[in-house]
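Top line first, the protein sequences correspond to chains A and B. Take the first sequence: its position 89, counted from the start at 1, is 89 in my numbering, and no numbers get skipped. Take the second sequence: its position 102, counted from the start at 1, is 1102 in my numbering, and no numbers get skipped. First up is the structure itself, then whatever we jot down about it.
There are 2 protein chains.
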Amino acid sequence: MSNPKDTFIDCENCPIRKRRIFRQFEKDDVTYVSKFKTGELSVEAGAAILIEDQKSPHLYTILEGWAYRHKQIVEGKRQILNFALPGDLIGLQLSVLNEMEHSVTGLTGMKLCVFERSEVWDMFKASPALGFSLAWQAAREEQMLDGHLLNVGQRTAQARVAYLVLHLYDRADAIGYACNNALDAPFNQQHLADALGITNVHANRTLRKMIKNKLLTWQDKTIVIRDREALEEISHYERDEDGKRMII
Amino acid sequence: MSNPKDTFIDCENCPIRKRRIFRQFEKDDVTYVSKFKTGELSVEAGAAILIEDQKSPHLYTILEGWAYRHKQIVEGKRQILNFALPGDLIGLQLSVLNEMEHSVTGLTGMKLCVFERSEVWDMFKASPALGFSLAWQAAREEQMLDGHLLNVGQRTAQARVAYLVLHLYDRADAIGYACNNALDAPFNQQHLADALGITNVHANRTLRKMIKNKLLTWQDKTIVIRDREALEEISHYERDEDGKRMII
DNA sequence: CGGACTGTTGATCGGTATCAATGCTCGTGG
DNA sequence: CCACGAGCATTGATACCGATCAACAGTCCG
């Protein structure tokens, strides 16, 4: 019998980690990640990765695919908190707070690195660089949430759409899920609406108007940015200069 | 001349740290915090602690007072992202991301522990417990932001007010800034409105109605919760069981 | 006393929600 | 092959929440 671990993507040759946008670790730290990684998980589109109030023993780094974090008040009132892409850590709150107050669901089929929650504390002791990296991820997520809260709290529907499209495009672009102003968008109008705090009907009307005004197109699961400048002006979006990111 | 450091509150006897809601560190870790702490800062009400896009060399832990994190789109469109109370870390994003995309302003006079941003990485190496604690703070902030985003994105004005009042009461209660359903509220209706993504006029009307309905009162900078059960039902708020918190 | 800030209230407008109906695409099973 | 249903997108009619503009009251403070 071959060891199933042999079939894993090993961290030294991780295709995500090697991308230029990620800061490269010291050799010892990568070695520790390899030990920390206990498996790989592949799931179909629409799979629940983590569920509110349920304490999974695992946390994950996305290798492939899109997911979204979300939270419900009552049946039918859902807020999408953020989207997650390759390189992003899933289950961060769980790993340090020992609580899970939101769910994570896949939008596409996904491939995930699996880590053991119970070993997070050991990781902080064994590798300060990995601990720092976890804090880095948390701070980055907070920064994105700040942006979303500003978006939902202060902008009109059209500006919200403009902001979110640019935000997602730039993130997807950074990891190769978008280029030439074309974004591979595996979500539908309902997802968009739930992320923006508006109804699907209003999201649709807003999109129709923006499409008519040649700001963007959205066909066949692909969003094309046709007038980036106008979208930036509507939403006062500013691309953040892309320094090196961290990854676990 | 006496060493000014002699007049600092020393971390071993820190009145905040000693509170029961905080997890106690090992002796060595507290010793390290003492070294990490390079000063104390006292500021008047309304002072700017950190400013968007400006890289302060410092980060802070609040010893006394209230502050708020906020972010602007254009003049007059401000979102209050969250409030900060004693024990909370200020400048976390700055410390690990090396970026500052929001401002922090004091609501009351404040006393702050001062740390050097440049020493954060050393802290991770020297004390895994402190590194973990920083990650913990980041995750907790993210969790609160999740709640606020859900609030602003999915609830009506009245439910937003209900949620925020309960949220702030419970946080203030945990560190002794509230008790007997009375919350010492150093903010005004404009702050509330900016945190909830509504106008001050509408915040006022909503509050009037809630006061008329005997849900709460707000006089002399004090909010009194008169019908917690009703507020919880309106907003579907759930108090989170208060496990031990971490502090740096 | 006067000015600044905050809170309050009215009138009106506009953006979004809600309810409802229809069309479209796609996968599935008869 | 077509029928059917599920899920998603689209559009219309209407209601309502919250924004906007404006005026004024109350309080505090120099």
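Using N, Cα and C, we set each Cβ at its ideal position, and we do this for glycine too.
- Fewer than three beta-carbon pairs drawn from the region 225-235 of chain A and the region 16-34 of chain A are found closer than 8 Å, and the two stretches are therefore not classed as touching.
- For residue 1101 of chain B, a Cβ of chain A is located within less than 8 Å of the residue's own Cβ.
- Residue 1060 of chain B is bridged by DSSP to B:1090 and B:1114.
- Among the CB atoms of chain B, none fall inside 8 Å of the CB of residue 164 of chain A.
- A Cβ-Cβ contact shorter than 8 Å links residue 1117 of chain B with residue 1059 of chain B.
- Straight through space, the alpha carbons of residue 32 of chain A and residue 127 of chain A are spaced by roughly 7 Å.
- Here DSSP, grouped into helix, strand and coil, assigns residue 43 of chain A to strand.
- Around the beta carbon of residue 1080 of chain B, a 10 Å sphere encloses 16 or more other beta carbons of the protein chains shown; the residue is thus reported as buried.
- Residue burial annotation: residue 1133 of chain B is buried, with at least 16 other C-beta atoms found within 10 angstroms of its C-beta.
- For residue 218 of chain A, there is no enclosing alpha helix (DSSP H); the enclosing beta strand (DSSP E) has its first and last residue at 216-219.
- Counting of Cβ neighbours within 10 angstroms places residue 1201 of chain B among the exposed residues, the total staying below 16.
- Taking CB atoms only, residue 1167 of chain B has no neighbour in chain A less than 8 Å away.
- For residue 9 of chain A, the closest of A:77, A:63 and A:43 by C-alpha to C-alpha distance is A:63.
- Per DSSP, residue 74 of chain A lies in no beta strand (DSSP E) segment and is marked neither H nor E.
- Residue 1125 of chain B sits exposed, since fewer than 16 C-beta atoms from the chains shown fall within 10 Å of its C-beta.
- Proximity of the region 32-41 of chain A to the region 106-117 of chain A meets the contact definition, three or more beta-carbon pairs being nearer than 8 Å.
- Contact check between the region 165-185 of chain A and the region 82-94 of chain A: three or more CB pairs, one atom from each, fall below 8 Å, which counts as touching.
- Note on residue 1048 of chain B: under 16 other CB atoms within 10 angstroms of its CB, so exposed under the neighbour-count rule.
- Taken in chain order, the members of the region 143-160 of chain A whose beta-carbon sits within less than 8 Å of a beta-carbon on chain B are 143, 145, 146, 147, 148, 149, 150, 152, 153, 154 and 155.
- Assigned with DSSP and collapsed to three states, residue 1127 of chain B falls in coil, not helix or strand.
- Rounded to whole angstroms, the separation of the alpha carbons of residue 108 of chain A and residue 46 of chain A is 7 Å.
- Collapsing the DSSP output to three states places residue 1037 of chain B in a strand.
- The CB of residue 1236 of chain B comes closer than 8 Å to the CB of 73 and 74 in chain A, given here in chain order.
- Legend: CB atoms of the region 1031-1060 of chain B lying less than 7 Å from CB atoms of chain A are not found in any residue.
- Of the residues assessed, residue 1243 of chain B falls on the exposed side of the cut-off, its CB having fewer than 16 other CB atoms within 10 angstroms.
- Residues of the region 130-141 of chain A whose Cβ lies closer than 7 Å to any Cβ of chain B, in chain order: 131, 132, 134, 135, 136, 138, 139, 140 and 141.
- Between the beta-carbon of residue 1224 of chain B and that of residue 1188 of chain B there is about 17 Å, and that puts the pair past the 8 Å contact cut.
- Around the Cβ of residue 1071 of chain B, a 10 Å sphere holds 16 or more other Cβ atoms; the residue is buried.
- For the region 1076-1087 of chain B, the residues whose beta carbon sits under 7 Å from a beta carbon of chain A are, in order, 1077, 1079 and 1081.
- Burial is judged here by how many other beta carbons sit within 10 angstroms of a residue's own beta carbon; residue 151 of chain A has at least 16 and is buried.
- Residue contact with chain A for residue 1027 of chain B: absent (no Cβ-Cβ distance below 8 Å to any residue of chain A).
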